[in-house]
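Quick note on numbering: the sequence shown equals residues 17 to 254 in the working numbering.
Quick reminder that beta carbons are idealized off the backbone N, C-alpha and C, glycines included.
Owing to the predicted nature of the structure, the values given are computational and were not obtained by experimental measurement.
To start, the structure itself, in structure tokens.
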Amino acid sequence: MTTPALAIDAQQLVRTFAVEGREIRALDGVDLQVKRGEFVAVVGRSGAGKSTLLNLIGALDRGYTGHLQVLGQSLRDLPDRALSQFRNQQIGFVFQAFNLLPGLSVGENVMLPASFGAKLDPSEVRRRAENLLKELGLGDRFGQLPSQMSGGERQRVAIARALLLAPPLLVCDEPTGSLDGLTTQQILGILKDTRDRHGTALVIVTHDPAVAATADRTVVLDRGRILKQDVDLQAGAA
Ligand SMILES: Nc1ncnc2c1ncn2[C@@H]1O[C@H](COP(=O)(O)OP(=O)(O)O)[C@@H](O)[C@H]1O
Ligand SMILES: [Mg+2]
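Here it is, written out as structure tokens:
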């Protein structure tokens, strides 16, 4: 099997929701191509459709019309079990609300993606989790519960979990929203390092100019449509 060059290929992607008898077009014909190893920042005001787009790209939702391939796979055609397996093994997802499991320790949360059929030795999983937590400045927190941590610390645990299997696609909803500037720079360094070493494609929703400035390109979403692609925010208004 050949590896497709595109991590994401969306054409005329539409997602509607019915709210009180009215139809909301959260995505209204999005065309987006992201190459393997590319780092794309997605910006746009609240309600623009950013999280809706990430949920589709991240294989959490497939109630769309139009064309969508993720890592060469048309997700609409996969049975549910195959879809979960695909998601667990191929996609790292950092949720805006972190979504850590409160009953599991920090270390167990980070190791979670390996418990869905990944072919990794348990000692290797543990080693990876410890290394990631150390890199993210949480080396001594392995046994703690998420409830004992600050928002910024939980966010870093969620990032470690998403990186555990070094997935070909990493999707993040505001991954640095709870972090200070220095920690943000550290995390951007780790994300770029993952990309360089594993060819991971990064799609990151952000309001943080530092994140957008680090990306290869920025995509602006507005009312469910892509307003501009390839904007270079550092170059000022075009
Ligand atoms: N599950 C849902 N049910 C109904 N409406 C939704 C749902 N998810 C999103 N929407 C609507 O779709 C639009 C885009 O939402 P969202 O993707 O969350 O925006 P953003 O992440 O850019 O703030 C909003 O109008 C929102 O209310
Ligand atoms: Mg959102």
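| Item | Value |
| --- | --- |
| Contiguous alpha helix (DSSP H) assignments of at least 4 residues, all confined to the segment 45 to 87 | 66 to 73 |
| Distance between beta carbons of Leu116 and Pro162, contact taken as under 8 Å | 4 Å |
| Own chain partners of Asn125 with C-beta closer than 7 Å, once the 5 adjacent residues on each side are dropped | Leu116, Leu117, Pro162, Val173, Arg177 |
| Inter-residue CB distance, Leu43 and Ile24 (contact presumed, cutoff 8 Å) | That belief does not hold up - the Cβ atoms of Leu43 and Ile24 are roughly 13 Å apart, past 8 Å. |
| Delimiting residues of the alpha helix (DSSP H) encompassing Gln105 | 96 to 106 |
| Ligand 2 heavy atom lying under 7 Å from the CB of Ser67 | yes |
| First and last residue of the uninterrupted beta strand (DSSP E) at Thr234 | 233 to 238 |
| Boundaries (first-last residue) of the alpha helix (DSSP H) holding Leu149 | 138 to 151 |
| Backbone secondary structure at Gln201 - three-state DSSP | helix |
| Boundaries of the alpha helix (DSSP H) in which Gln171 is found, first to last residue | 167 to 179 |
| Anticipated Cβ contact below 8 Å, Arg144 with Leu180, distance rounded | 6 Å |
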